[in-house]
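The structure appears right after this line, and notes come after that.
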Amino acid sequence: MPSPYRALFDTPGTKSFTAAGFLGRMTLSMTSIGIVTMVSLLTGRYGLAGALAATVALASAVLSPQVSRMVDRHGQRRVLRPVTLISAAAIAGLLVSAQQRWPDWTLFVFTACAGCVPSVGSMVRARWAAVHHSSPRLLHAAYSWESIVDEACFIVGPILSIGLCTSWFPEAGPLLATVFLVAGVFWLTAQRATEPPPHPREHHAKGSALRSRGLQVLVVTFVATGAIFGATDVVTLAFAEEQGHQGAASLVLASYALGSCAAGVVFGMIHFKGPAARRWLVGVCAMAVSMIPLQLVGNLPLLAVALFFAGLSIAPTMVTTMALVEQHVPRANLTEGMTWTSTGLAVGVAFGSSAAGWVVDAAGAGRGYLVPAVAGAIAAAVAFLGYRRLRPAPHREGTGADDRGTADDRQEQDSGTGGSGPHGPGDTGDQAPARLA
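Once you know that position 287 of the sequence shown is 518 in my numbering, the rest is easy, because the numbers rise by one and skip nothing.
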């Protein structure tokens with residue numbers, strides 16, 4: 232392991248909370264694709280499958296930021312355990328209703344209730360921020376490491392979920408994802424020594440972290456980015472079925488995550504200088520361009536290669552995104568701010584998976600890849616239009632977010648300070664997480 236990563240784990244407890252976070256995050260890569268696979272196997276209706284995946288994503292988009300806000304105020308253990316049990320019970324209800332062929336509306340009710348699943352990735356990254364807050368370079372490496380863990384989940388998760396659904400029984404994938412979630416969250420919250428201290432209500436900025444103009448740009452862009460991910464999952468599954476190898480869809484999707492994982496490993500070893508906003512814009516545009524070759528593939532091997540190269544832009548873009556979150560969100564609202572980017576992804580996944588499902592039903596899997604291509608173009612357009620909001624003022628560059636308010640607010644009040652502090656990225660590099668779990 233390269234030395235920047237090895238140095239991360241000198242602090243006691245870091246290995247344990249990273250392992251627990253990996254286990255808990257497996258649900259992110261397994262549940263949605265598991266639901267799509269389960270419903271398509273049981274009913275043959277990709278439109279219904281995509282709509283259910285959209286429902287759980289939208290419900291998560293509404294509920295997860297509220298869960299994270301409560302975590303910032305009351306601590307991880309007090310909040311995460313009860314909401315995890317609620318989500319697990321809802322998934323159990325979904326599996327029973329699908330297996331028993333209950334009316335469609337019952338599927339949507341249980342799926343919506345399952346949306347209170349916590350953002351485990353944000354919880355782990357908040358622990359890294361507490362452990363290495365005084366070392367920007369280690370924090371950058373830590374968040375890059377988390378991007379690797381995220382992509383490892385997206386390599387292993389779809390293989391497990393689709394493989395179990397197709398070779399064992401249709402409900403097996405979502406069921407195992409729920410077991411991973413409960414085990415991971417309870418293991419993580421049992422580790423009290425590294426749990427970030429809660430911030431009382433009086434330490435929080437008024438209103439939501441989303442009032443930051445910079446965070447608004449990131450979230451809206453991530454809606455379109457999430458549509459890329461959601462549509463790609465659904466269309467790839469349908470494309471593999473058309474080719475007569477539905478079980479191979481997990482391997483093809485794993486190549487997508489493998490490309491991101493490889494890029495994340497290299498990215499964490501590089502110490503960047505210069506504005507993070509510029510790297511972020513380049514990354515978003517690269518993600519958009521990478522969707523073009525998908526329109527030309529005609530078989531699964533070529534699709535796997537195209538997705539691998541498309542994945543190379545994911546982890547660097549996500550890492551840089553969270554560097555910008557740290558610039559624009561107060562420390563007391565950091566978990567909420569991170570979760571809002573996850574929320575943007577979740578909303579995008581909802582739209583992307585639903586739109587892709589209907590396109591596949593209407594025109595076939597080949598046309599389905601137009602959905603992520605359009606989503607990529609929208610993401611690039613939003614990134615260009617919002618770029619100015621992400622750049623710090625020339626005399627403020629390097630100002631980080633602290634407990635007094637967002638970077639936007641301090642610029643408006645002309646009360647910020649130049650240079651980088653222990654919580655501010657400055658120009659020391661991207662200090663942020665990757666694919667948000």
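Built from N, CA and C at the ideal position, the CB exists for glycine as well.
Report the residue from the options whose alpha carbon sits nearest the alpha carbon of residue i.
{"i": "residue 339", "options": "348, 352 and 324", "result": "324"}
{"i": "residue 483", "options": "610, 467, 300 and 497", "result": "467"}
{"i": "residue 258", "options": "457, 294, 404 and 530", "result": "404"}
{"i": "residue 335", "options": "374, 315 and 270", "result": "270"}
{"i": "residue 560", "options": "444, 524 and 510", "result": "444"}
{"i": "residue 352", "options": "502, 363 and 256", "result": "256"}
{"i": "residue 385", "options": "471, 402, 263 and 505", "result": "263"}
{"i": "residue 446", "options": "310, 611, 477 and 571", "result": "571"}
{"i": "residue 306", "options": "425, 376, 331 and 488", "result": "425"}
{"i": "residue 487", "options": "479, 508, 550 and 539", "result": "539"}
{"i": "residue 311", "options": "331, 330, 373 and 354", "result": "354"}
{"i": "residue 428", "options": "597, 361 and 518", "result": "361"}
{"i": "residue 350", "options": "331, 298, 473 and 401", "result": "298"}
{"i": "residue 493", "options": "503, 544 and 525", "result": "544"}
Given residue i, which residues of its chain have a CB within under 8 Å of its CB, disregarding the five upstream and five downstream residues?
{"i": "residue 465", "result": "267, 277, 280, 281, 284, 583, 584, 587, 588, 591 and 599"}
{"i": "residue 471", "result": "477, 478, 479, 480, 483 and 531"}
{"i": "residue 363", "result": "239, 242, 369, 370 and 373"}
Determine the direct distance from the alpha carbon of residue j to that of residue i, and round the result to whole angstroms.
{"i": "residue 419", "j": "residue 300", "result": "18 Å"}
{"i": "residue 455", "j": "residue 615", "result": "13 Å"}
{"i": "residue 388", "j": "residue 260", "result": "5 Å"}
{"i": "residue 565", "j": "residue 531", "result": "41 Å"}
{"i": "residue 374", "j": "residue 509", "result": "19 Å"}
{"i": "residue 618", "j": "residue 448", "result": "8 Å"}
{"i": "residue 644", "j": "residue 289", "result": "Reliability fails at residue 644, whose pLDDT of 36 lies under 50, so the model's placement of it is uncertain and the value that follows must be treated cautiously. About 35 Å."}
{"i": "residue 551", "j": "residue 342", "result": "32 Å"}
{"i": "residue 254", "j": "residue 411", "result": "6 Å"}
{"i": "residue 537", "j": "residue 608", "result": "18 Å"}
{"i": "residue 573", "j": "residue 292", "result": "8 Å"}
Among residues of its own chain, excluding the 5 on either side of residue i, which ones have a beta-carbon nearer than 7 Å to its beta-carbon?
{"i": "residue 671", "result": "Because residue 671 is not part of the residues shown, which for the chain are 232 to 668, the question remains open."}
{"i": "residue 457", "result": "575, 576, 577, 578, 579, 580 and 583"}
{"i": "residue 408", "result": "257, 258, 261, 262, 265 and 392"}
{"i": "residue 496", "result": "379"}
{"i": "residue 330", "result": "402"}
{"i": "residue 611", "result": "515, 516 and 519"}
Which whole-angstrom value is the C-beta distance of residue i and residue j, which I expect to be below 8 Å?
{"i": "residue 542", "j": "residue 491", "result": "4 Å"}
{"i": "residue 499", "j": "residue 371", "result": "7 Å"}
{"i": "residue 397", "j": "residue 478", "result": "5 Å"}
{"i": "residue 356", "j": "residue 377", "result": "6 Å"}
Going by beta carbon distance, what residues of the same chain come within less than 6 Å of residue i, once the five residues before and after it are set aside?
{"i": "residue 318", "result": "345, 347 and 348"}
{"i": "residue 308", "result": "420"}
{"i": "residue 240", "result": "246"}
{"i": "residue 459", "result": "603, 606 and 607"}
{"i": "residue 249", "result": "none"}
Residue ranges of each alpha helix (DSSP H) within the region 543-611, 4 or longer: 545-559, 565-594 and 596-599
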